[in-house]
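S.K.: After the structure tokens below, expect a handful of questions from me.
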Amino acid sequence: MEVWPCQVSSPTLQKKAKMEKSLCFLAAVIFLTGFVEAASVDAAETSYNITTTTVTSRQQPTPANSEFFTSTVQQDPKDTSKDREDEIKKKEETDGKKTDETARLECPPLGMESLRVDDSQIQASSFQRMGLGPHRGRLNIQSGIHDGDMYDGAWCAAYKNRDQWLEVDALHLMLFTGVILQGRNSIWSWDWVHTYKVQLSNDTVKWKTSMNGTEETIFIGNQNPETPVLGLLPVPTVARYIRINPQTWYPNGTVCLRAEILGCRANVNPAGFQDPPSKDALDFRHHNYKEMRKLMKSVTDECPDITHVYTIGKSYMGLKMYVMVISDNPSKHELGEPEFRYVAGMHGNEVLGRELVLNLMQFLCKEYKKGNQRVGRLVTETRIHLLPSMNPDGYEEAYEKGSELAGWAEGRYTFEGIDLNHNFPDLNNIMWDAQETAAAENSKASNHYIPIPEYYTKEDAMVAPETRAVISWMQDIPFVLSANLHGGELVVSYPFDCTRDWAPQEDTPTADNAFFRWLASVYASTNLVMANANRRMCHYDDFQQYNNIINGGAWHTVPGSMNDFSYLHANCFEVTVELSCDKFPHASELPIEWENNKESLLIYMEQIHRGIKGVVRDKLTKQGIADAVIKVEDHDHDIRSAAGGDYWRLLNPGEYKVMVWAEGYFPSVRQCRVGMEPRATICDFSLIKTPIERLKAIRANGGKIPQDLQLRLRALRLRMLRATTKVINRRRESQRERHQQLWLARKIRSSRARRA
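Next up, the structure:
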């Protein structure tokens, strides 16, 4: 006797299926409420009685006996969620269609994009060449610049007919609920599938096409290469194998696609759940703007003594850019305590960093209360600033579409269409041009605290409000170390990001290249995925050969990056961390991603305590001297002391000759030794003021008194930037209401289009 999926449409079978249908619903409820757990039972080793449609946790289906079986799972009598299921079941009787659709949408992706699905699990009827093989048929996979190599952007069949298919082996029995399709990623070719069928099997011998009543379902595919399109199975069906069978395609193209599969694990043992992916009791889900604010407030309520929340500005659409500080004295800078920052969400659709930063807030609070010594040292010795969303407008756009359907670029840019990682002033070329001029004139050019160019401060400059807010933030806080959290790859890149002479790819190191490589290695070597030597590359770059770190310019040139600006305009060292192949991981992936990155996030923060630190004081008054220049011999990058005279210079272990000077003071020199331990060496300096008589004598002999013109120009340009920002903000405030109405109308149209 053939066993059917969880819906029977044939009129002759309605009576027979009446009881089966109610049992089928029970399974969907179990999947929806979280009882689909991984039981390590291969489909080939299972068995079941083909005369019944009820499958218990001890009676598994055998593919050799049947193509499909119902998704009904017998309820464990000890399961305390039965009352909740009964409640949902009553609701289903009145609104069955809505609950069924919710259940199908709740099933997570199988893992084509996140690489949980191994290359060996993907087969195809044919393929044009290895670079367009079935292993490339993954949602959002990106191609290299050169088509025709090993890393093209889709699976493409060798023949243009309706007999072609892409097959995925789930390894276990799954309740398949849907397919998400994209076309081919390419700058040279246009290829996508217009319509397709879905076929399922338990043994790859007998295949059954997904049915819509008595007819085979024809799913609507793509109309362009990049927009993901969801196709829900009319009947969620349990099987081990699934095939996507293209029926029509772009007329001027060929049969090419990228895909993700939605499904819930079918073989369940309610009495024997596996351990959760993370033992930390954190809020693992995606948080929109409103939910993010609630979470941050809950953390401050739980740990009011070590947390403080402030805003650094607003996005174009008026969303506040919130920062949480975690420290034993969070509301103000303490002399000698370094300032650290994590910035996430520069690209709004790269959402993992946002959730990791929110996880980190909760983790530090909870562990500090528990007495975790490591966390206690971090909190008491460091002032930690956490900005979870630098581009809140872009995030809300991506969040509206959700994981998988946001695509590769939707939400990346600000509301104005600006890429924030190209929006900072290009100080690199200003510095390099000045160095060339200085070499010709036998003079010296500044290598630090480079002022913002004048054009950048104008009202008509294309500078996003989010960028302006971050630049002002950098001026107000003497940050020492930072990381910019991105997504879409697995690598840590370090400055410079911009190459000389606009070369597309060229290793462009800073004066602190050795320490930047150390910082990048610290994160990459402790990240559980990056450190896995057997991991598959995300797209087309094999970063394993570089130990998962790379100079930004050697990867691809990025003029106007936040990393380079931070290094050249302030005292802060910053790297970019590409956290995952999947820019927008499904919520079910978040606990695993937290475990992958937890140690990396902690150990990277601890690197702020390497090198030397101290206070530059007036020898007579003992007052701290602000903006004193700290020079390290053989390191052509200077830093400055903060307002209180304290400074921090990140350095690798070694002996260093350090000179400090300030306007109106004699220079001071001393030797400072940096040890292997992560504890900064104290190197204080006391400077003697230049006597007035000495200054008069210099002038009398025709000499010039050294003046810190670079510092003055830097301060002037910042005032100009802040002045134009105020003018622009007032103008934008009057326009914001109109833009919000347009945005709302766009969301409503998008929602209606999806429902249609």
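Numbering (our numbering), first residue to last: 316 to 1071. Positions of the beta carbon are idealized from the N, C-alpha and C atoms, including for glycine. Quick caveat: nothing in here was measured; it's all calculated off a predicted structure.
1) Runs of 3 residues minimum, wholly inside the stretch 937-986: which ones carry the beta strand (DSSP E) assignment?
2) With which residues is Y771 paired in a DSSP beta bridge?
3) Do you know whose CA, among I997, E428, S630, lies nearest V973's CA?
4) Could you spell out the range, first to last residue, of the beta strand (DSSP E) harbouring G578?
5) Extract the residue ranges of the beta strand (DSSP E) inside the stretch 632-667, only unbroken runs of 3 or more that lie entirely within it.
6) Determine, using beta carbons only, whether V494 and I437 come nearer to each other than 9 Å.
7) Going by DSSP, what residue range makes up the alpha helix (DSSP H) through I745?
8) By Cβ distance, which residues of its chain are closer than 7 Å to G726, with the 5 residues on each side in sequence left out?
9) Let me know the secondary structure DSSP gives Q375 once reduced to three states.
10) Could you check whether N842 and N911 sit closer than 9 Å to each other, using their CB atoms as the reference points?
11) What does the alpha-carbon distance come out to for the pair C853 and L610?
12) Judging by CA-CA distance, which residue of N455, L1033, T569, S593 is the nearest neighbour of I907?
13) Hey, is L679 close to the ligand NAP, as in C-beta under 8 Å from one of its heavy atoms?
14) I'd like the ranges of any alpha helix (DSSP H) spanning at least 4 consecutive residues and lying wholly in the stretch 794-859.
15) Given E360, which residues of its chain have a CB within under 6 Å of its CB, disregarding the five upstream and five downstream residues?
16) Could you check whether T626 and V614 sit closer than 9 Å to each other, using their CB atoms as the reference points?
17) Below 8 Å, can you find three or more Cβ-Cβ pairs linking the stretch 564-575 to the stretch 465-476?
18) Measuring alpha carbon to alpha carbon, tell me which of R1034, K1062, L917, Q986 ends up nearest G691.
19) By how many angstroms is the C-alpha of T1039 removed from the C-alpha of R608?
20) Quick one: what's got a C-beta closer than 7 Å to L430's C-beta in the same chain, skipping five residues either side?
21) Please classify Q922 as buried or exposed, where buried requires at least 16 other C-beta atoms within 10 Å of its C-beta.
22) Using a Cβ-Cβ cutoff of less than 6 Å, which residues in the same chain neighbour W976 once the five nearest sequence positions on both sides are dropped?
23) In chain order, what residues of the same chain lie with their CB nearer than 6 Å to the CB of E428, ignoring the 5 residues before and after it?
24) What whole-angstrom Cβ distance do L679 and L796 have, given they're in contact under 8 Å?
25) When you compare only the Cα positions, how much space is there between V672 and L693?
26) Would you identify the three-state DSSP class for I365, choosing helix, strand or coil?
27) Which residue or residues does DSSP assign as beta-bridge partners of C471?
28) On the DSSP letters alone, give me the boundaries of the beta strand (DSSP E) that H285 sits inside.
29) Among the candidates Q986, K937, P968, whose CA atom is the shortest distance from the CA of F992?
30) Specify, as a first and last residue, the run of the beta strand (DSSP E) that P619 falls within.
31) Flag this pair as yes or no: are the beta carbons of R580 and L515 separated by less than 9 Å?
32) Using the Cα positions of R955 and K928, report the straight-line distance between them to the nearest angstrom.
33) Closest to D951 by CA distance: which of Y855, E617, D827, F888 is it?
34) How would you call D506, buried or exposed, if buried means at least 16 neighbouring beta carbons within 10 angstroms?
35) What do you reckon, are the CB atoms on Y838 and Y919 nearer than 9 Å?
36) Buried or exposed: which applies to Q1056, given that a residue is buried once 16 or more other Cβ atoms fall within 10 Å of its Cβ?
M.R.: Taking the structure as given:
1) Runs found: 944-947, 950-955, 961-964, 969-976.
2) Its beta-bridge partners do not exist; DSSP assigns none.
3) I997
4) 571-580
5) 635-641, 654-659
6) no
7) 742-756
8) G663, N664, G709, Y710, E712, A713
9) Below a pLDDT of 50, predicted positions are generally treated as unreliable, and Q375, at 32, falls in that range; the measurement from the model is reported next regardless. Under the three-state reduction of DSSP output, Q375 falls in the coil class, being neither helix nor strand.
10) yes
11) 32 Å
12) The candidate whose alpha carbon is nearest that of I907 is S593.
13) As presented, the structure is devoid of all ligands, the ligand NAP included, so that no description of it is given.
14) 828-841
15) In this prediction, E360 has a pLDDT of 33, which is less than 50 and means its spatial position is unreliable; what the coordinates show is noted afterwards. So the list is empty, once near-sequence residues are dropped.
16) no
17) yes
18) L917
19) 29 Å
20) R851, C896
21) It counts as buried.
22) V944, P982
23) R453, L454, N455, E575, D897
24) Actually they do not touch by this definition, with Cβ atoms about 16 Å apart.
25) 16 Å
26) For I365, the predicted model reports a pLDDT of 24, less than 50, meaning its position is unreliable; a value from the coordinates is still stated below. Of the three classes helix, strand and coil, the one that applies to I365 here is coil, per DSSP.
27) C571
28) This structure does not reach residue 285, given that the chain is present from 316 up to 1071, and the question cannot be answered.
29) A small correction: the amino acid at residue 992 is Glu; Phe does not occupy that position in the sequence shown. It is P968.
30) That residue, P619, is in no beta strand (DSSP E); it is neither H nor E in DSSP.
31) no
32) 11 Å
33) D827
34) buried
35) Yes.
36) exposed
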